[in-house]
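So the structure is just underneath, and the comments pick up after that.
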Amino acid sequence: MKKSSDTGRRNSEKTRTQGKAARAPEKLSPYVAMALREGVDDAAIVETAKVFTAPWVRMKCQFGCAGYGQHLCCPPHSPTPEQTRAILDSYTRAILLHRYWQKDYKTVKDFNDVLVDLERTIFLDGFHKAFSMGSGPCTRCAACNILGGCVHPEKTRPSMEACGIDVFATAREHGFPISVVRSHNDERNIFGLVLVE
Ligand code: SF4
């Protein structure tokens, strides 16, 4: 029962995306389609002016998160909200990607891997500024190589929240579902962003 309702949710989200994609600049629509094929539940082309940063996001990392300072993709190693605002303002368009996450729910491909591969495809197609931000701390290594530098730089990007993006406000601005979760096992909605041009 659970599985079928989840499938229905994803299908309705895909239908909504197809409408958004149809209104989006045609040249970026193939990348939305590619993300959906790779197992993302929804995606939309967005204006970077409507990707929101906020000072409180970094404070939530610094006070209350055990991962603070433990990963090269997390604060204080990642860009501050102010730096990220300046970066976002040097672009006009991005692709916002959404996946519905359940504990033990197996998907064809890791969400952050989808983002990095999408970034690479977009870059090789000529969008030289392409850059992605994923979801959550980097967990590729048992212990992050903090002092020596990242050992998988080709695959690793900071998360949206690690860069000071208000993911709640940004997701809601574009009609995506998101709410506070109460435990590590709760079902949730995760998001990533690929800056394009
Ligand atoms: S890939 Fe490894 S070294 Fe690089 S940020 Fe992730 S955990 Fe750290």
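What the sequence shown shows, in our numbering, is residues 627 to 823, in sequence order.
Glycine residues also receive a C-beta, built at the ideal position from the N, C-alpha and C atoms.
query, result
"Entirely enclosed alpha helix (DSSP H) segments - the stretch 737-785, minimum 4 residues", "737-750"
"Distance between Val683 and Arg711 (C-alpha atoms, nearest Å)", "13 Å"
"Best match in Asp668, Val793, Val672, Ala659 for proximity to Glu823 [C-alpha to C-alpha]", "Val672"
"Any non-hydrogen atom of ligand 1 within 7 Å of His810 CB", "no"
"Cβ-based neighbour list, Ala720, same chain, cut-off 7 Å, excluding 5 preceding and 5 following", "Val672, Thr674, Val677, Leu819, Val820, Leu821, Val822"
"Residues of its chain near Gln696, where Cβ-Cβ distance is below 7 Å and the 5 sequence neighbours each way are ignored", "Cys770"
"Range covered by the alpha helix (DSSP H) that runs through Tyr657", "655-663"
"Leu714, DSSP secondary structure in three states", "helix"
"beta-carbon Leu714 near ligand 1 non-hydrogen atom, thresh 7 Å", "no"
"Cutoff 8 Å: Ala670 Cβ touching any chain C Cβ", "Here there is only one protein chain, and chain C is not present."
"Which of helix, strand or coil DSSP assigns to Ala669", "strand"
"The stretch 749-769 in contact with the stretch 779-793 per 3-pair CB rule at 8 Å", "yes"
"Inter-residue Cα distance where the pair is Lys646 and Asp668", "Per-residue confidence for Lys646 stands at a pLDDT of 46, beneath the threshold of 50, marking its modelled position as unreliable; no derived number is given."
"Secondary structure of Arg649, DSSP reduced to three states", "Note on Arg649: pLDDT 47, under 50, position unreliable in the model; the coordinate value appears next. Correct three-state label for Arg649: helix."
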